[in-house]
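Reviewing the structure listed below.
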Amino acid sequence: MLTALAILFVLLLVGSIFYGFSIVMRKPPTEEELRTEKCSLCGNRFPKEELVERPVGDYKVYYFCQQCVGGLYRDMQEKDVASGVDTKRLIAEAREKKN
Ligand SMILES: [Zn+2]
């Protein structure tokens, strides 16, 4: 019984050493990773200045690339007939608010 506890303790000790070592050895983000961000929809990396960002809550920021925004816009235009939403008017209103 005592031997089993000793083996368990040693396994726990070795496990926590490896866990701590992996935290210490984690490499910092590269220059490329700091300068770019992944699109939240397609997952491809782009320079941050090419992405549209939308903060959600206090900590989460979503990034969208030009292609995905274009895809969303086309999808929304296709929905216009069914929902009766005038996206062109909504976009014009949003632009007026921004200016
Ligand atoms: Zn994308």
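Take any residue in the sequence shown, note its place counting from 1, add 1, and you have its number in the numbering used here.
C-beta atoms are modelled at their ideal positions from N, C-alpha and C, and glycine is treated no differently.
Three-way DSSP call (helix, strand, coil) for residue i in this model
i, result
"Tyr74", "helix"
"Thr37", "strand"
"Arg46", "strand"
"Arg55", "strand"
"Lys80", "helix"
"Lys99", "helix"
"Tyr63", "strand"
"Lys28", "coil"
Residue i: CB within 7 Å of a non-hydrogen atom of ligand 1
i, result
"Gln68", "yes"
"Leu42", "yes"
"Phe22", "no"
"Phe65", "yes"
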